[in-house]
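In the numbering used here, the protein residues as written are 36 to 225.
Working notes, beginning with the structure itself.
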Amino acid sequence: MIDWAHFPYFSLAALSIGLAMDAFAVSVAQGACCRPGMGNAARIGLAFGVAQGLMPLGGWALGTTFDETIRDFDHWVAFVLLAVLGAKMVREGLHGDGEAQPLFGWGLLSAAVATSVDAAAAGITLPVLGAPVLLACATIGLVTAALCFAGVLIGAVSGARIGRKAEIAGGLLLIAIGAKIWVEHQFFGG
Numbered sequence: 036m037i038d039w040a041h042f043p044y045f046s047l048a049a050l051s052i053g054l055a056m057d058a059f060a061v062s063v064a065q066g067a068c069c070r071p072g073m074g075n076a077a078r079i080g081l082a083f084g085v086a087q088g089l090m091p092l093g094g095w096a097l098g099t100t101f102d103e104t105i106r107d108f109d110h111w112v113a114f115v116l117l118a119v120l121g122a123k124m125v126r127e128g129l130h131g132d133g134e135a136q137p138l139f140g141w142g143l144l145s146a147a148v149a150t151s152v153d154a155a156a157a158g159i160t161l162p163v164l165g166a167p168v169l170l171a172c173a174t175i176g177l178v179t180a181a182l183c184f185a186g187v188l189i190g191a192v193s194g195a196r197i198g199r200k201a202e203i204a205g206g207l208l209l210i211a212i213g214a215k216i217w218v219e220h221q222f223f224g225g
């Protein structure tokens, strides 16, 4: 039987979904406000997926550069970063203004980068997860692209209300992953 608590790919999948939720929420809002077709849904999904897939590399590089320095408290860093990011997403999901403008060109690029800053911060935690970094970045990018593509289509059908709920759920998921990392390292020598 698989020990899911120590299976890095399960944590990676959960991290990927959690990180994708803010971009998913924006995508749902885009679908609700603009009713774009399949081509524009693919464009939005690709932009968010590429940004989310590339940004963790910067965080990972920072984390590995200072590996020796932070090894004794990396689980605290992971917990605090993911908890802060998660709390920010929950707050924005609860209190966001819900106003969406059509995203094209620089606006789309700016939104993709803005929603992937959390992925850069989470990239610092990738060595703690134990998954290969390139696989982790590819997974984060692909999950984000797929969810954003679907989010645009869902938003076109159901409106922006689901986007806020997804952002709240994603924030709670990031907090849970941070707590899992902290508990494993603090009590089980992970």
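Positions of the beta carbon are idealized from the N, C-alpha and C atoms, including for glycine.
query: Helix, strand or coil for Tyr44 per DSSP?
result: helix
- request: Check each candidate in Leu207, Arg199, Ala60 and name the one with the smallest Cα separation from His130.
  value: Arg199
- request: Express the C-alpha separation of Met56 and Gly158 in angstroms, rounding to a whole number.
  value: 16 Å
task: Classify Gln221 as buried or exposed, calling it buried when 16 or more other Cβ atoms lie within 10 Å of its own Cβ.
output: exposed
field: Reduced DSSP category for Gly142 - H, G, I as helix; E, B as strand; rest coil
entry: helix
task: Could you spell out the range, first to last residue, of the alpha helix (DSSP H) harbouring Thr179?
output: 168-193
field: Local Cβ density within 10 Å of Val13, reported as buried at 16 or more and exposed below that
entry: Examination of residue 13 is not possible in this model, given that the chain is present from 36 through 225 alone.
- request: Just the C-alpha distance for Met36 and Lys215, rounded to the nearest angstrom, thanks.
  value: Any reading at Met36 must be qualified, since the residue scores a pLDDT of 44, below 50, and its modelled position is unreliable; the value itself is stated next. The straight-line gap from Cα to Cα measures roughly 20 Å.
message: Taking the beta carbon of Ser145 as the centre, do at least 16 other beta carbons fall within 10 Å, making it buried, or is it exposed?
response: exposed
- prompt: Which residue from Val115, Gly176, Leu188 puts its Cα closest to that of Gly88?
  reply: Gly176
query: Are the CB atoms of Cys183 and Ser62 nearer to each other than 9 Å?
result: yes
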